[in-house]
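Protein chains in written order, with my numbering: chain A, 1 to 460; chain B, 1001 to 1371.
We treat Cβ as the ideally placed atom computed from N, Cα and C, and that holds for glycine.
Since this is a predicted model, take the numbers as computed values, not measurements.
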């Protein structure tokens, strides 16, 4: 067993796919940062709001005023450094840190896809993605190489496989498969789209999309792994992600996934792509033919094994990735309802959830009483997200507690009147209205003040 | 290989819908013509309501002129009648806080209450004021007229004296006509805008976030939540003040016995808008109710639209149990006010949470993946 692992870790393969991925990933990230800035989201999400929702344990990560722009500039520049393989290690480190910091600043903007990017950039930090077709290699800053350890490419494929398969497994629930929820709600609202629009109102279309989506997510990795079905699989990838791009506001994610699945293609493909790239941009760096079996063998010399620490670290990281999404099993209650263990688990497009929250703050000493106008403290987007996620509600309640204490109230009691509708069910009361949220504290423990969900969703 | 995979996919998909969706209506439910809905909103609801409001405010203005020219018990009564008629009609247009109405602060200048009697007195005493200023929002509109027509003294005779024998009678007369002519001129500007270019731009604005459907639906919900539920019922009944009651914060406090009528008018207006009812008739056209039915919105076997319509009926039932004077009601039996508040609140939740989400309306464009 140990021997096999050792042998696997010492297997080398063509470095082209990794170099190609580095280039494509860097460029995509650069353009996604540009898009973020172009949409005015830097100020809208991070600078304008007076209050930010933070991740448990990361409360210290806050926007830094006008310097937040600098953070984005660093993030954009480091993405380019990654793309061109210029001071790659530094570039990817800066990118990972700045990007992750940006994501941690406010969980209102949480997206599975951004989490994916953080994970990938963390892994890329340990991969020799700059040994080929990079400024570093050209300047002899690193040992040029036509080959890299095989696991350095495989790990990216595994990460991709986790995203797809976990997302597929998450779709195996009664709402998705047997009620076509939430697509039955979302699709009809796109009825104004040309050509396909008028189809989107049919019930059967929502079912077809749901089932196809689940089967696609579960099966696509296998189609891509198997050479005879690879091209077909990739065509499906393109169709699927282009469709989701048209139907839903999911930003750059479709492109990230389309480009990432190219990792499954042969090194020859990546060589050609890199050659084409050299030609177009007149880069004289020669991308020679694929390494011969001989060069691969010479690299496989046990004396050139990569540092042991890296594979161990990546192995542990992968184990965490495999187990972490299942932490919801440790919580009682319906996952979709309580959302305990929902984030960071590749649950994508699964819920249409909306809520109404009205907070009341009362002064224990005088009995003075105030209904909070949420728009005074939060943006529309924050109000929307806060209204159906318990950890948001709790964090905001504590903010209100402090705010009104400063206004002169004695130990204000914060209670909430909250109604939530999930996947087409009629809204019901969400939070125990008698609980003083100022006296409840965030932890990994189950939140007992969430009222029970009066329905069952079967499945994963 | 490729073909067989595709076939498997198709078979699975068909299995998916046929086995679990045996009794579903195989009709296209969402070919809902939002363009037609917007057209109907503009032509059958909004423009007729504003036109009526314009006529009523014009009549109000005319009666005000007649009154100041000759302040008698008769002209006072006629002015009061015109005020009530216009005030009731206002309840129907308050939903449409769009375009010119927003620009000219229709809501803030027509119906902020309780009115600021101190400012009004000061304005009249000095004769120097600018009703366009934000600080003057609470000293104009229907609540200010309520004060000037009913609140200056306890008997009509004494009220008339302010416009006849009072030192400052001239200023009182000017102030009253300033208020009525402002109400009228804003109404005229709004109608002119709708009848001009605004109608077409309203109908053709289909943007997902800032579009007319989204904006109007959100305004409609906001109207019920912030302009009906809170000020007409919640605030006087102490909902927002830990039970401290405010008899003087009811709508039309000085006249005092019409708060209920105005509430009924506002609830009816809200319900009629939901149902897409042509203004002043019983004919229903396209609207949010039909839209909800078109997307098959239902909860535990009942259509969401009928749940909402039933809740409107429930609100009207609890409202009908109220005293004509809400000041009276909250002192004698506030629980009835709270019942009404709860009934309205329930529909706010149905509309704001269930309806908005069922219609796939957005409040803000942001990347999201449904979690």
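Less than 9 Å separating the beta-carbons of residue 1354 of chain B and residue 1307 of chain B? One-based indexing of the second chain puts residue 1354 of chain B at position 354. One-based indexing of the second chain puts residue 1307 of chain B at position 307. In this structure, residue 1307 of chain B lies closer than 9 Å to residue 1354 of chain B by Cβ.
Is the separation between the beta-carbon of residue 1229 of chain B and that of residue 1348 of chain B shorter than 9 Å? Translated into the one-based positions of the second chain, residue 1229 of chain B becomes position 229. Translated into the one-based positions of the second chain, residue 1348 of chain B becomes position 348. Yes, they are a contact pair.
In the DSSP assignment, find the unbroken alpha helix (DSSP H) run with residue 443 of chain A in it and report its ends. For the purposes of this step, residue 443 of chain A is taken as the residue at position 443 of the first chain. No alpha helix (DSSP H) contains residue 443 of chain A, which DSSP labels as neither H nor E.
Partners in chain A for residue 1299 of chain B, counting only beta-carbon separations shorter than 9 Å: Locating residue 1299 of chain B in the second chain gives position 299, counting from the first residue. Under the 9 Å cutoff, chain A gives 421, 424, 425, 426, 427.
Mind checking who residue 428 of chain A pairs with in its DSSP beta bridge? Along the first chain, read from residue 1 onward, the residue named residue 428 of chain A stands at position 428. Answer is A:420.
Excluding the five sequence neighbours on either side, which residues of its own chain have a C-beta within less than 8 Å of the C-beta of residue 458 of chain A, listed in chain order? The residue you call residue 458 of chain A lines up with position 458 of the first chain. Only 173, 174 meet the Cβ criterion.
Give the secondary structure of residue 308 of chain A by DSSP, where H, G and I count as helix, E and B as strand, and everything else as coil. What you label residue 308 of chain A is simply residue 308 of the first chain in a count that begins at 1. Note: residue 308 of chain A maps to coil in three-state DSSP.
Am I right that residue 1042 of chain B and residue 1271 of chain B are in contact with their C-beta atoms under 8 Å? What's the rounded C-beta distance? If you number the second chain from 1, residue 1042 of chain B lands on position 42. If you number the second chain from 1, residue 1271 of chain B lands on position 271. At roughly 19 Å, the Cβ-Cβ gap does not stay under 8 Å, so residue 1042 of chain B and residue 1271 of chain B are not in contact.
Does the region 125–133 of chain A come into contact with the region 8–27 of chain A, if we say contact requires no fewer than three beta-carbon pairs (one atom in each stretch) closer than 8 Å? yes
Name the residues in the region 1274–1305 of chain B whose C-beta lies less than 9 Å from a C-beta of chain A; which are they? 1294, 1295, 1296, 1297, 1298, 1299, 1300, 1302, 1304
Which residue's Cα is closest to the Cα of residue 56 of chain A: A:441, A:453, A:456, A:449? Residue mapping note: residue 56 of chain A aligns to position 56 of the first chain, counting from 1. Out of A:441, A:453, A:456, A:449, A:441 has the C-alpha closest to the C-alpha of residue 56 of chain A.
Straight-line CA distance for residue 265 of chain A to residue 444 of chain A? Taking the first residue of the first chain as position 1, residue 265 of chain A is located at position 265. Taking the first residue of the first chain as position 1, residue 444 of chain A is located at position 444. Rounded to the nearest angstrom, the two C-alpha atoms are 41 Å apart.
Alpha carbon of residue 1123 of chain B to alpha carbon of residue 1087 of chain B, nearest angstrom: In the second chain, counting from the first residue as 1, residue 1123 of chain B sits at position 123. In the second chain, counting from the first residue as 1, residue 1087 of chain B sits at position 87. Between residue 1123 of chain B and residue 1087 of chain B, the C-alpha separation is close to 23 Å.
Identify whether residue 359 of chain A lies in helix, strand or coil by the three-state DSSP scheme. In the first chain, counting from the first residue as 1, residue 359 of chain A sits at position 359. Strand.
Which same chain residues, not among the five before or five after residue 181 of chain A, have their C-beta less than 6 Å away from its C-beta? Indexing the first chain from 1 puts residue 181 of chain A at position 181. 175, 423, 424.
So residue 184 of chain A is in the alpha helix (DSSP H); what residue range does that whole segment cover? Taking the first residue of the first chain as position 1, residue 184 of chain A is located at position 184. Residues 183–186.
By Cβ distance, which residues of its chain are closer than 7 Å to residue 168 of chain A, with the 5 residues on each side in sequence left out? What you label residue 168 of chain A is simply residue 168 of the first chain in a count that begins at 1. Cβ neighbours of residue 168 of chain A beyond the five flanking positions: 214, 217, 218.
Expressed to the nearest angstrom, what Euclidean distance is found between the alpha-carbon atoms of residue 1163 of chain B and residue 1071 of chain B? As a first step, residue 1163 of chain B is located in the second chain; it is residue number 163 there, counting from the start. As a first step, residue 1071 of chain B is located in the second chain; it is residue number 71 there, counting from the start. Going by the C-alpha atoms only, they are around 7 Å apart.
Is it buried or exposed, residue 407 of chain A, if we count other Cβ atoms within 10 angstroms and call 16 or more buried? Working through the first chain from its first residue, we reach residue 407 of chain A at position 407. Burial call: exposed.
Please identify the residue among A:373, A:380, A:237 whose C-alpha is closest to the C-alpha of residue 164 of chain A. In the first chain, residue 164 of chain A corresponds to position 164, counting from 1. The shortest C-alpha separation from residue 164 of chain A is found at A:237.
Assuming residue 400 of chain A and residue 429 of chain A form a contact by the criterion Cβ under 8 Å, report the distance between their Cβ atoms to the nearest whole angstrom. Your numbering for residue 400 of chain A matches position 400 in the first chain. Your numbering for residue 429 of chain A matches position 429 in the first chain. Going by Cβ atoms, the distance from residue 400 of chain A to residue 429 of chain A rounds to 20 Å, so no, they are not a contact pair.
Keeping to the same chain, check which residues put their C-beta closer than 7 Å to that of residue 249 of chain A; ignore five residues upstream and five downstream. Residue numbering aside, residue 249 of chain A sits at position 249 when the first chain is read from its first letter. Excluding sequence neighbours, residue 249 of chain A sits near nothing in its chain.
Reference residue 155 of chain A, options A:317, A:14, A:207, closest by Cα: Residue numbering aside, residue 155 of chain A sits at position 155 when the first chain is read from its first letter. Closest option to residue 155 of chain A, Cα to Cα, is A:317.
Classify residue 446 of chain A: buried if its beta carbon has 16 or more other beta carbons within 10 angstroms, exposed otherwise. Position 446 of the first chain, counted from the first residue, corresponds to residue 446 of chain A. Classification for residue 446 of chain A: exposed.
Every unbroken alpha helix (DSSP H) inside the region 203–288 of chain A [4 residues or more]: 203–225, 227–247, 253–261, 267–280
Contact set between residue 111 of chain A and chain B, taken where Cβ atoms lie within less than 9 Å: The residue given as residue 111 of chain A occupies position 111 in the first chain. 1367, 1368, 1369, 1371, listed in chain order.
DSSP three-state assignment for residue 145 of chain A, whether helix, strand or coil: Here residue 145 of chain A corresponds to residue number 145 of the first chain, with the count starting at 1. Residue state, collapsed to three classes: coil.
With residue 1339 of chain B as the anchor, note down where its alpha helix (DSSP H) starts and where it stops. Position 339 of the second chain, counted from the first residue, corresponds to residue 1339 of chain B. 1334–1349 is the span of the alpha helix (DSSP H), which, as asked, contains residue 1339 of chain B.
Could you have a look at residue 55 of chain A and say whether DSSP puts it in helix, strand or coil? To locate residue 55 of chain A, count along the first chain from 1; it is residue 55. DSSP places residue 55 of chain A in coil when its eight states are reduced to three.
Does chain B have any CB closer than 9 Å to the CB of residue 18 of chain A? Within the first chain, numbered from 1, the residue matching residue 18 of chain A stands at position 18. No, no contact with chain B.
Listing by chain order, which chain A residues have their CB less than 8 Å from the CB of residue 1359 of chain B? For the purposes of this step, residue 1359 of chain B is identified with residue 359 of the second chain, where counting begins at 1. The contacting residues are 189.
Does DSSP put residue 370 of chain A in a helix, a strand or coil? By one-based count along the first chain, residue 370 of chain A stands at place 370. Residue state, collapsed to three classes: strand.
If you reduce the DSSP assignment to three classes, tell me which class residue 456 of chain A lands in. As a working note, residue 456 of chain A is residue 456 in the first chain. If DSSP states are grouped into helix, strand and coil, residue 456 of chain A belongs with coil.
What does residue 1202 of chain B reach in chain A if we use C-beta pairs closer than 8 Å? Residue mapping note: residue 1202 of chain B aligns to position 202 of the second chain, counting from 1. Chain A residues near residue 1202 of chain B: none, gap ~16 Å exceeds 8 Å.
For residue 86 of chain A, which residues from the same chain have a beta carbon less than 6 Å from its beta carbon, with the 5 sequence-adjacent residues on both sides left out? Working through the first chain from its first residue, we reach residue 86 of chain A at position 86. Cβ within range, chain order: 135.
Hey, out of A:206, A:75, A:402, A:315, whose CA is closest to residue 177 of chain A's CA? The count along the first chain starts at 1 and reaches residue 177 of chain A at position 177. When each option's Cα is compared against that of residue 177 of chain A, the closest is A:206.
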